[in-house]
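Chains as they are written, first to last, in the working numbering: chain A, -1 to 306; chain F, 239 to 555.
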């Protein structure tokens, strides 16, 4: 929209009809300084990533050496790091939990958001306010009782467990009830789609279910994509959930495996191995970010519209 | 009503409005069920459990307010409270001021703005174990960060091994994740009507005046929201402290300097070593005390906000 215009306006403090020579010079000098500062900041922000890669490729005797480029590229760090532990199994587990969470969250959150954005029903405002309230609810209040609940729900031998604890169920099933923040984000987006589209579809005999799936969800693609990648990122890197619910090593996710790996060797961790393993674990997230950065950034800004 | 609609559309028993109402409830049902099952129900149970002695394996035993009485006499509770408040009081102002300042620079729309935004946001996609390991490595006493400080002649502290510097270390580390806040402030700045700036320019206002008298007041609802959610999040620090304290997680790192509220609560509830574990009643009581603290702090902010948050009246949302 008119965003860029507003930007320029915020941008050039001195933009006026007539600016005198010295004032103009100060403006330009200020902008050059600001730009140099941002360049410095960007470099500083990239340093930890580079350092991680650099450490991952250093031989043990090279670790104390603060150089950026390893004296010898120790590629064997990666095979060493992954020879301890059940990394293949942990990767499969993480992929399963993440995929199910993404599908569950997207399906349920779009459906619920549709109800708030495009349907009129008694109690809608009340329920929506509840959604907003749960966004503010500190998660720690439900941490323990949820564990108690899942310890009581029968799993009928699923993943060799009698109750939901030590299965993937507590980490995946709640995704199908939608996430309050994503429901809010999707609702904001769906409200901007003209109602005429739904009305036209209804005249053609489409059900609300079809309008949701065939019209509104495809038209909400940027918001849906943001929800999918935020869920992916959250589920892939979830630590507290797997820490509390997964006890058998064969059920671990990459995060728990990585944390256990720190102490696997006993005593002080070998930082080059640790960084090699860490790098591989975060790589999918970084790749997704680089590929879909626009959705991430739009999603953040859409979420930021929650104020007032 | 039903007859009327039946007359017009013979095959339908419901009026369109009633059908829509039914569909609305049906579509919202996943969230409503989830809310009752995974939020409201557990909250009530937890409130009940906070008045019991409960270790999961045996049924809860009602002990009245004994958990609360014990908590208020528990020295670790006060340590955890101190550490947690320390983070809230130190970290939130630093993050807020830094994020707004950088957002103001990005709002200048200088060349490469997209690139800057992407780079500054990138760490935000990382969380969890790998990111904590990375910073543990960078902030080692002879690590990269202190090597960098030495270039300026500064002798860096022991960070995560020195009890005095563990929390400052967390603040330094947290700055890497400031990109999310920056982007939200930037979006807020872009949403400010350009008419205001034009009017100010005609009145002869300079860049600083515009920032101080237009940008910041118009941004205040966003700032308020970020502070409120930031504080709620900081009160619940867990993962970072848990991983950083490593084998010492049961005691909260060097001399309990990383024993944050939720870490202590976790140790009481799930700590698998020693007599501390599986005290679900005690931990539930702790959770409700934290909830009450967060509620009071949030309400206080809401009350204070009337003094500094500016809401546009004519333009609803």
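Backbone N, C-alpha and C fix where the C-beta goes; we use that ideal spot for every residue, glycine too.
Just so it is clear, the structure is predicted and the values come from calculations on it, not from any experiment.
Name the chain F residues whose beta carbon is nearer than 8 angstroms to that of residue i?
i	result
residue 112 of chain A	265
residue 271 of chain A	By Cβ distance, chain F contributes nothing, its closest Cβ being about 11 angstroms from residue 271 of chain A, past 8 angstroms.
residue 137 of chain A	474
residue 35 of chain A	343
residue 40 of chain A	353, 354, 357, 358
residue 64 of chain A	382, 385
Output, in chain order, the set of chain F residues within a Cβ distance shorter than 9 angstroms of residue i.
i	result
residue 20 of chain A	None at all; the shortest Cβ gap to chain F is about 13 angstroms.
residue 44 of chain A	357, 360
With burial defined as no fewer than 16 other Cβ atoms inside 10 Å of the residue's Cβ, what is the status of residue i: buried or exposed?
i	result
residue 66 of chain A	exposed
residue 121 of chain A	exposed
residue 435 of chain F	buried
residue 430 of chain F	buried
residue 49 of chain A	buried
residue 423 of chain F	buried
residue 63 of chain A	exposed
residue 496 of chain F	buried
residue 68 of chain A	buried
residue 29 of chain A	buried
residue 230 of chain A	buried
residue 116 of chain A	buried
residue 374 of chain F	buried
residue 235 of chain A	buried
residue 541 of chain F	exposed
residue 184 of chain A	buried
residue 158 of chain A	exposed
residue 307 of chain A	The question about residue 307 of chain A has no answer here: the residues shown for chain A are numbered -1 through 306.
residue 245 of chain F	Unreliable positioning characterises residue 245 of chain F in this predicted model, as indicated by a pLDDT of 48, which lies under 50. A coordinate reading is not provided.
residue 433 of chain F	exposed
Give the interface partners of residue i over in chain A, defined as CB-CB distance under 7 angstroms, in chain order.
i	result
residue 272 of chain F	172, 175, 176
residue 456 of chain F	Chain A residues near residue 456 of chain F: none, gap ~10 angstroms exceeds 7 angstroms.
residue 470 of chain F	134, 136
Give the interface partners of residue i over in chain D, defined as CB-CB distance under 9 angstroms, in chain order.
i	result
residue 120 of chain A	The chain labelled as chain D is not found among the protein chains of the depicted structure, namely A and F.
Could you tell me whether the Cβ atoms of residue i and residue j are closer together than 9 angstroms?
i	j	result
residue 291 of chain F	residue 519 of chain F	yes
residue 379 of chain F	residue 396 of chain F	yes
residue 307 of chain A	residue 359 of chain F	Absent from the structure is residue 307 of chain A, since the part of chain A shown begins at -1 and ends at 306.
residue 148 of chain A	residue 268 of chain F	no
residue 56 of chain A	residue 292 of chain A	no
residue 468 of chain F	residue 334 of chain F	yes
residue 277 of chain A	residue 368 of chain F	yes
residue 484 of chain F	residue 401 of chain F	no
residue 258 of chain F	residue 119 of chain A	yes
residue 221 of chain A	residue 187 of chain A	yes
residue 170 of chain A	residue 104 of chain A	no
residue 317 of chain F	residue 134 of chain A	no
residue 46 of chain A	residue 268 of chain A	no
residue 516 of chain F	residue 523 of chain F	no
residue 257 of chain A	residue 481 of chain F	yes
residue 181 of chain A	residue 196 of chain A	no
Taking C-beta pairs closer than 7 angstroms, name the residues in chain F that residue i reaches, listed in chain order.
i	result
residue 179 of chain A	In chain order: nothing, as chain F lies at least about 10 angstroms away.
residue 307 of chain A	Absent from the structure is residue 307 of chain A, since the part of chain A shown begins at -1 and ends at 306.
residue 257 of chain A	367, 481
residue 117 of chain A	258, 261, 262, 265
residue 276 of chain A	368, 371, 372
Could you list which residues in chain A have their beta carbon closer than 8 angstroms to that of residue i, in chain order?
i	result
residue 284 of chain F	139, 140, 142, 143
residue 268 of chain F	106, 109, 110, 174, 175, 176
residue 196 of chain F	Residue 196 of chain F lies beyond the range of chain F shown here (239 to 555); nothing can be said about it.
Ends of the alpha helix (DSSP H) at residue i?
i	result
residue 248 of chain A	Here residue 248 of chain A belongs to no alpha helix (DSSP H), and DSSP marks it neither H nor E.
residue 461 of chain F	454 to 473
residue 254 of chain F	254 to 272
residue 531 of chain F	518 to 546
residue 304 of chain F	304 to 309
residue 197 of chain A	193 to 201
residue 89 of chain A	85 to 116
residue 379 of chain F	Where residue 379 of chain F is concerned, there is no enclosing alpha helix (DSSP H), given that its DSSP letter is neither H nor E.
Just to make sure I have the definition right: I need the residues of chain A whose C-beta is within less than 9 angstroms of the C-beta of residue i. Which are they?
i	result
residue 537 of chain F	Those within 9 angstroms of residue 537 of chain F in chain A number zero; the least Cβ separation is about 11 angstroms.
Original post:
Are there three or more Cβ pairs, one per stretch, closer than 8 angstroms when the region 103 to 111 of chain A is compared with the region 427 to 444 of chain F?
Top reply: No, the region 103 to 111 of chain A is not in contact with the region 427 to 444 of chain F.
**OP:** Decide if the region 498 to 506 of chain F is in contact with the region 467 to 481 of chain F; the criterion is three or more beta carbon pairs, one per stretch, under 8 angstroms apart.
**Re:** Touching, per the Cβ criterion.
Original post:
Are three or more beta carbon pairs between the region 273 to 287 of chain A and the region 394 to 411 of chain F nearer than 8 angstroms?
Top reply: No, the region 273 to 287 of chain A does not touch the region 394 to 411 of chain F.
Original post:
So does the region 242 to 257 of chain A actually touch the region 90 to 104 of chain A, counting three or more Cβ pairs closer than 8 angstroms?
Top reply: The region 242 to 257 of chain A is in contact with the region 90 to 104 of chain A.
Original post:
Do the region 341 to 360 of chain F and the region 23 to 40 of chain A touch if we need at least three Cβ pairs shorter than 8 angstroms?
Top reply: Touching, yes, given that three or more Cβ pairs across the two stretches are closer than 8 angstroms.
Original post:
With a cut-off of 8 angstroms, do at least 3 Cβ pairs link the region 154 to 167 of chain A to the region 240 to 248 of chain A?
Top reply: Cβ pair count under 8 angstroms is three or more, so yes.
Original post:
Any chance the region 452 to 460 of chain F sits against the region 305 to 312 of chain F, with 3 or more Cβ pairs inside 8 angstroms?
Top reply: Inter-segment contact for the region 452 to 460 of chain F and the region 305 to 312 of chain F is absent: fewer than three beta-carbon pairs are separated by less than 8 angstroms.
**OP:** Kindly confirm or deny that the region 321 to 337 of chain F and the region 199 to 209 of chain A touch, where touching means at least three C-beta pairs closer than 8 angstroms.
**Re:** In short, these stretches do not touch, since the Cβ pair count stays below three.
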